[in-house]
Amino acid sequence: MVTPLPARLSTRPVENRREQGCLIRFENVGLHYPVGPFVKGSIKSNLFRVFGHKPLETEQEKRDYVKALDGLSLSIGRGERIGIIGRNGAGKSTALLTIAGIYPIAEGTLTVEGRIQGLFNIGLGFEPDATGRENILYRGLAMGNAPSEIAARIEEIVAFADIGSFIDLPVRTYSSGMYVRLAFAISTYMEGDILLIDEVFGAGDATFQKRARARMQNLMENAGIVVMVSHDMDLLYETCSRILWLERGQLLADGDAASIIDRYLTVAA
Amino acid sequence: MSHGFSGLVLYAKRLFRYRHFWAHLALSDLRARFRRSYLGILWLILQPLLLTIIMAAVFVFIFRQTFADYSIYIFSGMIAWNFITGCFLIGAMSFIGAESYVRQVRLPMMGYPLKSVLYCCIVFLLEFCGFVLYALIFKPAIFSWYWVFLIPFCLTLFFFGAPIAIISAIVNIKLRDYQQSIGIGLQMLWYLSPVFIMRSVFDHPGLKGWTAINPIAALMDMLRAPVIEGAVPSLTLYALVIVWALGLWAAALFMLLRNERKIVFYY
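Chains as they are written, first to last, in the working numbering: chain H, 13 to 281; chain E, 40 to 306.
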């Protein structure tokens, strides 16, 4: 498996940034999510058993792991805009985190070429007692950027977040709207070849949402590959060329946006 | 982490690439510890100082030492001991406290316990400044050129502590009973090592065998020989600690090799 590189702040122009390959290929990929050592037999549950309590054992609990992805085979090339749909627990977010290299696969082969930019839970990783400006630095560092690279871009990020003097106050003093604005500004300033999005639209108030949409549009245009998880079918219809429908970790359908979304909505209705 | 020496070199390179991030995490732990504290980082000097005075006042009668001699003995033992327990206890929280990063970006996992070790090193060095101040006031005679041996001592101490933090972090993320039980183990180790209790006690026939292989006792001797006794620490002490450290490193790397990718599942 090729280790995906995290996105980095880039000061190079868009045109000559991506000479390298840009590809995601799943070959019979299985991901086993361990159920955990204590679900099967904790001391507490065993004690209850001693006193004659019959534990509820579902099919799931008897297993050591859940097959979060199961025999997934597909290939995504440069220029594709992919939407992933499916019910809750179908493995959509897991698939994104697997592409990002955060979850290890148990079976099959996964090839990822290109720099990854993940927009997952964008509010994660904020330190509440650090200022907005410090948090921009921290997030940049976690992405592998040098402090000087971040310093060069920080004013742009601050300007985009547009939260005034709050940028120099601890993040815990922010309203939830400001929090999201800062998170969005930071996350979208990293540039990558493969953009992974997990339901991050709808940030802040109406004016900010407008700018956020424009910014996302811009990011998606510049990325080699976009993979997006969403329950917003209109959005997927608008932005994606191809839809993957997951069910219990398996690929149920793969095809053009219109036909797959229609089928999905019929089944869901 | 992949197998073999080249895999290890590659891993170290990745670790180094994120050096700014690890340093930031260690410093942010330090800031978090003294947030909303009026005296702040001064506590790192005050805390061992006050504890030394209390302990020395009590034990000075038991061990029949002068207050100055015994308090220097305790102070030196305490700062080294604080470092070692820090590697166990703070190391144990390394992965647990890093959840938001582990689930967000893929970084070499060894970085998290190593940043805990870095934090413990900073605390150790600041506490050591307190020790120097104390010695200047109560026993300035102990300063000598032998203090240069503190440099190899610190390097050995850090080399010994790092794998402890890695092992603690891995065991604790998989089995949280570790953080509940480790305090008891450390208390036992404290009684079996010359931290506060006079060194001569550990030369009794019943303890002699253990003391000869106890890395904590060796580390204390390595620190106190130049600092208190004005002597060169023996090479066998270094050899003993390094052998222990290499064993711990082997265990730590083995465990990391097996668990590096699985850690994300244990939150």
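By construction, the Cβ of each residue, glycine as well, lies at the ideal position given by its N, Cα and C atoms.
Classify Ser-188 of chain H as helix, strand or coil using the three-state DSSP reduction. The residue labelled residue 188 of chain H in the question sits at position 176 within the first sequence. Of the three classes helix, strand and coil, the one that applies to Ser-188 of chain H here is helix, per DSSP.
Buried versus exposed call for Ala-280 of chain H [16 or more other C-beta atoms within 10 Å across all chains shown]: One-based indexing of the first sequence puts residue 280 of chain H at position 268. With a 10 Å radius around the Cβ and a threshold of 16 neighbouring Cβ atoms, Ala-280 of chain H comes out exposed.
In this structure, how does DSSP classify Leu-66 of chain E when only helix, strand and coil are distinguished? Along the second sequence, read from residue 1 onward, the residue named residue 66 of chain E stands at position 27. In the three-state DSSP reduction, Leu-66 of chain E falls in the helix class (H, G or I).
Take the Cβ of Met-155 of chain H as the centre, count every other Cβ of all protein chains shown within 10 Å, and call the residue buried at 16 or more, exposed below. Residue 155 of chain H sits at position 143 when you count from the first residue of the first sequence. Buried.
Based on Cα-Cα distance, which residue from H:Val-124, H:Asp-174, H:Tyr-249 lies nearest to Val-41 of chain H? Here residue 41 of chain H refers to the residue found at position 29 when the first sequence is read from its first residue. Val-41 of chain H has its Cα closest to that of H:Val-124, out of H:Val-124, H:Asp-174, H:Tyr-249.
Which word fits Ile-114 of chain H, buried or exposed, when buried means at least 16 other C-beta atoms lie within 10 angstroms of its C-beta? For this step, residue 114 of chain H is matched to residue 102 along the first sequence. With 16 or more neighbouring CB atoms inside 10 Å of its own CB, Ile-114 of chain H falls in the buried class.
Give the residues of chain H in contact with Ala-71 of chain E, contact being defined as C-beta atoms less than 9 Å apart. As a position in the second sequence, residue 71 of chain E is number 32, starting the count at 1. Per Cβ cutoff of 9 Å: Glu-139, Asp-141.
Using 10 angstroms around the beta-carbon of Thr-106 of chain H, count the other beta-carbons present and answer buried if the total reaches 16, otherwise exposed. Indexing the first sequence from 1 puts residue 106 of chain H at position 94. By the neighbour-count rule (16 or more Cβ atoms within 10 Å), Thr-106 of chain H is buried.
Beta-bridge pairing of Leu-257 of chain H - partner residues as DSSP gives them: The count along the first sequence starts at 1 and reaches residue 257 of chain H at position 245. The question names Leu, yet the displayed sequence has Trp at residue 257 of chain H. Paired residues: H:Ile-97, H:Ala-265.
Would you mind working out which of E:Lys-213, E:Leu-90, E:Ser-155 sits nearest Pro-46 of chain H, comparing C-alpha positions? The count along the first sequence starts at 1 and reaches residue 46 of chain H at position 34. Measuring from the Cα of Pro-46 of chain H, the nearest candidate turns out to be E:Lys-213.
Identify whether Asn-230 of chain H lies in helix, strand or coil by the three-state DSSP scheme. Along the first sequence, read from residue 1 onward, the residue named residue 230 of chain H stands at position 218. Helix, per DSSP.
Between Leu-88 of chain E and Gly-169 of chain E, how many whole angstroms is the CB-CB distance? I'm expecting something under 8 Å. If you number the second sequence from 1, residue 88 of chain E lands on position 49. If you number the second sequence from 1, residue 169 of chain E lands on position 130. Between Gly-169 of chain E and Leu-88 of chain E the Cβ distance is about 6 Å, and since that is below 8 Å, they are a contact.
If you follow the alpha helix (DSSP H) that Arg-145 of chain E is part of, which residue opens it and which one closes it? Residue 145 of chain E sits at position 106 when you count from the first residue of the second sequence. No alpha helix (DSSP H) holds Arg-145 of chain E; DSSP gives it neither H nor E.
Where the alpha helix (DSSP H) containing Asp-82 of chain H begins and where it ends: The residue you call residue 82 of chain H lines up with position 70 of the first sequence. Counting along the chain, Asp-82 of chain H falls outside any alpha helix (DSSP H), though it belongs to the beta strand (DSSP E) covering 77-88.
CB contact flag (Ala-323 of chain E, Asn-211 of chain E, <8 Å): What the structure shows of chain E is the stretch from 40 to 306, and residue 323 of chain E is not part of that stretch, so it cannot be assessed.
Cross-strand partners of Phe-134 of chain E (DSSP beta bridge): Position 95 of the second sequence, counted from the first residue, corresponds to residue 134 of chain E. Secondary-structure assignment with DSSP links Phe-134 of chain E through no beta bridge to anything.
Rounded to whole angstroms, what is the Cα-Cα separation between Thr-121 of chain H and Phe-188 of chain E? By 1-based counting over the first sequence, the position of residue 121 of chain H is 109. By 1-based counting over the second sequence, the position of residue 188 of chain E is 149. Take the alpha-carbon of Thr-121 of chain H and the one of Phe-188 of chain E: they are about 53 Å apart.
Output needed for Asp-266 of chain H: all residues of its chain with C-beta closer than 8 Å, excluding positions within five of it in sequence on either side, in chain order. Mapped onto the first sequence, residue 266 of chain H falls at position 254. Excluding residues within five positions, the ones whose Cβ falls inside 8 Å are Leu-86, Arg-254, Ile-255, Leu-256, Trp-257, Ile-272.
Who are the Cβ neighbours of Ile-80 of chain E in its own chain at under 6 Å, not counting the five residues just before and after it? Here residue 80 of chain E refers to the residue found at position 41 of the second sequence. So the list reads Phe-73, once near-sequence residues are dropped.
Closer than 7 Å by C-beta to Ala-208 of chain E: which residues in its own chain qualify, once you throw out the five before and the five after it? Chain order, please. The residue labelled residue 208 of chain E in the question sits at position 169 within the second sequence. Close CB contacts of Ala-208 of chain E within its chain, under the 7 Å cut and outside five residues either way in sequence, are with Gly-130, Ala-131, Ser-133, Phe-134, Tyr-151, Pro-152 (chain order).
State the DSSP-derived secondary structure class of Ile-237 of chain H, mapped to helix, strand or coil. Numbered from its first residue, the first sequence carries residue 237 of chain H at position 225. In the structure shown, Ile-237 of chain H sits in a strand (DSSP, three-state: E or B).
Could you confirm whether any beta carbon from chain E is found closer than 8 Å to the beta carbon of Tyr-191 of chain H? In the first sequence, the residue the question calls residue 191 of chain H occupies position 179. Not an interface residue.
Nearest CA to the CA of Leu-146 of chain E: which residue from E:Thr-275, E:Arg-56, E:Tyr-173, E:Gly-116? By 1-based counting over the second sequence, the position of residue 146 of chain E is 107. The shortest Cα separation from Leu-146 of chain E among E:Thr-275, E:Arg-56, E:Tyr-173, E:Gly-116 belongs to E:Arg-56.
What residues from the stretch 289-301 of chain E come within 8 Å of chain H, judged by C-beta to C-beta, listed N to C? Answer set for the stretch 289-301 of chain E: Arg-300, Lys-301.
Beta-carbon within less than 8 Å of Ala-290 of chain E's beta-carbon, same chain only, minus the 5 sequence neighbours each way: which residues are those? Within the second sequence, numbered from 1, the residue matching residue 290 of chain E stands at position 251. A distance below 8 Å between beta-carbons, with the five flanking residues on each side excluded, links Ala-290 of chain E to the following residues of its chain, in chain order: Pro-202, Ile-206.
So, using beta-carbon positions, are Tyr-150 of chain H and Glu-139 of chain H closer together than 8 Å? As a first step, residue 150 of chain H is located in the first sequence; it is residue number 138 there, counting from the start. As a first step, residue 139 of chain H is located in the first sequence; it is residue number 127 there, counting from the start. Contact flag set, yes.
Closer than 8 Å, CB to CB, is Ile-249 of chain H near chain E or not? As a working note, residue 249 of chain H is residue 237 in the first sequence. The sequence as given places Tyr at residue 249 of chain H; Ile does not occur at that position. With respect to chain E, the C-beta atom of Tyr-249 of chain H has no partner C-beta closer than 8 Å.
Expressed to the nearest angstrom, what Euclidean distance is found between the alpha-carbon atoms of Thr-275 of chain E and Trp-184 of chain E? The residue you call residue 275 of chain E lines up with position 236 of the second sequence. The residue you call residue 184 of chain E lines up with position 145 of the second sequence. Roughly 21 Å separates the two Cα atoms.
State the Cα-Cα distance for the pair Phe-102 of chain E and Asp-68 of chain E, rounded to the nearest angstrom. For the purposes of this step, residue 102 of chain E is identified with residue 63 of the second sequence, where counting begins at 1. For the purposes of this step, residue 68 of chain E is identified with residue 29 of the second sequence, where counting begins at 1. As the crow flies, the alpha-carbon of Phe-102 of chain E is around 38 Å from that of Asp-68 of chain E.
Nearest neighbour of Gly-126 of chain H, chosen from H:Ala-235, H:Ala-197, H:Gln-229, H:Ser-242 [CA to CA]: Taking the first sequence and counting its residues from 1, one reaches residue 126 of chain H at position 114. Minimum Cα-Cα distance from Gly-126 of chain H among the listed residues H:Ala-235, H:Ala-197, H:Gln-229, H:Ser-242 corresponds to H:Ala-235.
What residues from chain H crowd round Tyr-57 of chain E, counting only those whose CB sits closer than 8 Å? Here the question's residue 57 of chain E lines up with position 18 in the second sequence. Residues of chain H passing the Cβ test: Leu-153, Ala-154, Gly-156.
Go to Leu-81 of chain E, then tell me how far its beta strand (DSSP E) extends in each direction, as first and last residue. Position 42 of the second sequence, counting from 1, holds the residue named residue 81 of chain E. DSSP places Leu-81 of chain E in no beta strand (DSSP E); its state is neither H nor E.
Anything in chain E within Cβ reach of Gly-113 of chain H, meaning under 8 Å, just list it in chain order. Reading the first sequence from its first residue, position 101 is the one you call residue 113 of chain H. Within chain E, the residues near Gly-113 of chain H are Arg-145.
Could you please give me the residues that DSSP links to Phe-182 of chain E through a beta bridge? Within the second sequence, the letter at position 143 stands for residue 182 of chain E. Phe-182 of chain E is not bridged to any residue.
Distance check for Gln-262 of chain H and Thr-110 of chain H, CA to CA, integer angstroms please. Reading the first sequence from its first residue, position 98 is the one you call residue 110 of chain H. Reading the first sequence from its first residue, position 250 is the one you call residue 262 of chain H. The C-alpha of Gln-262 of chain H is placed about 14 Å away from the C-alpha of Thr-110 of chain H.
Return the chain-ordered list of same chain residues with a C-beta closer than 8 Å to the C-beta of Leu-248 of chain H, the five sequence neighbours on each side being excluded. Numbered from its first residue, the first sequence carries residue 248 of chain H at position 236. Counting only Cβ-Cβ distances below 8 Å, and skipping sequence neighbours, we find Gly-95, Ile-97, Met-240, Ser-242, Ile-255, Ala-269, Ile-273.
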